[in-house]
Amino acid sequence: MSASAPLILLSGLPRSGTTWLGKLFDSHPRVLYRHEPDSVFPLKWLPTMIADKGEAYAARMREFAAQIPFMRNAKVAASQPQFEKEYFSAMRQFCAEQALRAIKLFAKVGARAQIPRFCLPNANAEFVLTWKTIESCGRLGCFVNALQPLRVIQILRHPGGVTASQLRGKRLNKFNGYDQAVDYNYFKLWLKPEGEHALETLQAMSEAERLTWLHLVRMEKAVDDIAARRDCRMV
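Take 6 as the starting number for the sequence shown in the numbering used here and just add one per residue.
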């Protein structure tokens with residue numbers, strides 16, 4: 006990235022419209038869009054919920070962000086549709102579009118292929134990296150501290166709407182068998198240290214109630230992290 010171009014972080018919960026928002030940004034000719042790199046390459050060394058500014062993780066966060074433009078994973082770098090980019094010549098743009106479209110088709114039948122190197126920007130190209138994440142609502146305080154210049158857009162959807170969409174996705178088997186509503190280890194991450202009694206209360210709730218509670222506290226954490234910052238916005 007050029008020194009003056011900020012990293013743009015598009016953050017939100019799963020099933021809240023982040024992919025739609027990401028593609029709006031991707032349509033700009035200077036944007037290099039990367040789709041959920043921290044889902045494909047999980048940041049296992051970074052807590053899901055960080056209470057402070059996370060200064061201990063800042064250096065590793067910068068290292069990870071520097072790798073994102075050149076990741077060759079199909080999910081990260083080949084999301085469709087493709088748009089024309091200023092940092093590609095017309096011929097390179099055409100070849101990249103055909104290659105990325107073919108790789109996505111291969112992925113649908115279970116074949117895996119890395120993105121060809123000609124589909125990636127040159128190291129000295131000028132672009133604005135736009136990183137879409139559904140993993141990091143609890144980490145935004147760390148991100149805005151470590152990754153400067155940075156602009157954050159946190160998308161907010163009514164937690165009941167997120168729950169309804171998630172339950173529909175579960176019925177359609179879109180989550181490979183994972184059921185967040187009974188992942189109580191994940192719930193514990195969002196409870197206060199004295200929250201064992203609260204966990205019992207959650208376990209007694211219905212599936213929809215548990216999920217809605219979880220979505221609400223995750224969004225509240227994101228809002229608390231960025232509400233006072235002029236380089237962040239909620240939509």
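Glycine is no exception: its CB is placed at the ideal position from the N, C-alpha and C atoms.
- If you draw a straight line from the alpha carbon of Phe88 to that of Met210, how long is it in whole angstroms? As a working note, residue 88 is residue 83 in the sequence shown. As a working note, residue 210 is residue 205 in the sequence shown. Each residue's alpha carbon lies about 45 angstroms from the other.
- Task: Mind listing, in chain order, the continuous alpha helix (DSSP H) runs of no fewer than 4 residues lying wholly within the region 134 to 168?
- Result: 145 to 151, all fully within the region 134 to 168.
- Message: Just to confirm the assignment, what range does the beta strand (DSSP E) spanning Cys237 have?
- Response: Taking the sequence shown and counting its residues from 1, the one referred to as residue 237 is at position 232. For Cys237, the uninterrupted beta strand (DSSP E) run begins and ends at 237 to 239, by DSSP.
- Task: Whole angstroms is fine: what's the gap from Lys193's alpha carbon to Thr206's?
- Result: What you label residue 193 is simply residue 188 of the sequence shown in a count that begins at 1. What you label residue 206 is simply residue 201 of the sequence shown in a count that begins at 1. If I take the Cα positions, the gap works out to 12 angstroms.
- Task: Would you mind sorting Lys113 into buried or exposed? The rule is 16 or more other CB atoms within 10 Å of its CB.
- Result: Along the sequence shown, one-based indexing puts residue 113 at 108. With fewer than 16 Cβ atoms within 10 Å of its Cβ, Lys113 is classed as exposed.
- Query: Which two residues bound the contiguous alpha helix (DSSP H) that contains Val114?
  - Reply: In the sequence shown, residue 114 corresponds to position 109, counting from 1. Counting along the chain, no alpha helix (DSSP H) covers Val114, and no H or E run does either.
- Query: If Asn150 sits next to Gly17, beta carbons under 8 angstroms apart, how far is it from one beta carbon to the other, in whole angstroms?
  - Reply: If you number the sequence shown from 1, residue 150 lands on position 145. If you number the sequence shown from 1, residue 17 lands on position 12. Beta-carbon to beta-carbon, Asn150 and Gly17 are separated by about 20 angstroms, too far to satisfy the 8 angstroms threshold.
- Would you report the Cα separation of Met239 and Phe99, rounded to the nearest angstrom? Residue numbering aside, residue 239 sits at position 234 when the sequence shown is read from its first letter. Residue numbering aside, residue 99 sits at position 94 when the sequence shown is read from its first letter. In a straight line, the C-alpha of Met239 is about 35 angstroms away from that of Phe99.
- Should His163 go down as buried or exposed, given a rule of 16 or more other Cβ atoms within 10 Å for buried? Numbered from 1 along the sequence shown, position 158 holds the residue referred to as residue 163. Exposed, by the Cβ-count rule.
- Host alpha helix (DSSP H) of Leu221 (start-end): By one-based count along the sequence shown, residue 221 stands at place 216. It spans 212 to 231 - the alpha helix (DSSP H) in which Leu221 sits, taken as one unbroken run.
- Task: Tell me whether Arg39 sits in a helix, a strand or coil according to DSSP, three-state version.
- Result: The count along the sequence shown starts at 1 and reaches residue 39 at position 34. Correct three-state label for Arg39: strand.
- Which full runs of the alpha helix (DSSP H) of 4+ residues lie inside the region 39 to 82, going along the chain? Secondary structure in the region 39 to 82: the alpha helix (DSSP H) runs of 4 residues or longer, each lying completely within the stretch, are 42 to 45, 63 to 72, 79 to 82 in chain order.
- Counting along the chain, where does the alpha helix (DSSP H) carrying Leu26 start and finish? Here residue 26 refers to the residue found at position 21 of the sequence shown. First-last of the alpha helix (DSSP H) with Leu26: 23 to 31.
- Query: Among the residues of its own chain, which have a CB less than 7 angstroms from the CB of Leu1, if the five just before and after it don't count?
  - Reply: The structure shown does not extend to residue 1, since the chain is modelled only from 6 to 240, so the question has no answer here.
- Endpoints, the alpha helix (DSSP H) within which Leu18 is located: For this step, residue 18 is matched to residue 13 along the sequence shown. Following the DSSP letters along the chain, one finds Leu18 in no alpha helix (DSSP H), marked with neither H nor E.
- Task: Could you give the DSSP three-state label for Phe123: helix, strand or coil?
- Result: As a working mapping, residue 123 is identified with position 118 in the sequence shown. Shown here, Phe123 sits in a helix according to DSSP, grouped into three states.
- Query: Between Gln185 and Val45, what straight-line distance do the alpha-carbon atoms span, to the nearest angstrom?
  - Reply: Translated into positions along the sequence shown, residue 185 becomes position 180. Translated into positions along the sequence shown, residue 45 becomes position 40. In this structure, the straight-line span from the alpha carbon of Gln185 to that of Val45 is close to 18 angstroms.
- Query: Hey, is the region 19 to 33 in contact with the region 54 to 74, meaning 3+ C-beta pairs nearer than 8 angstroms?
  - Reply: In this structure the region 19 to 33 does not touch the region 54 to 74; the number of beta carbon pairs closer than 8 angstroms is below three.
- Proximal residues to Lys90 (C-beta, below 7 angstroms), its chain only, five neighbours per side dropped: Locating residue 90 in the sequence shown gives position 85, where the first residue counts as 1. Residues Pro34, Gln98 of the same chain have their beta carbon placed closer than 7 angstroms to that of Lys90, with the five preceding and five following residues left out of the count.
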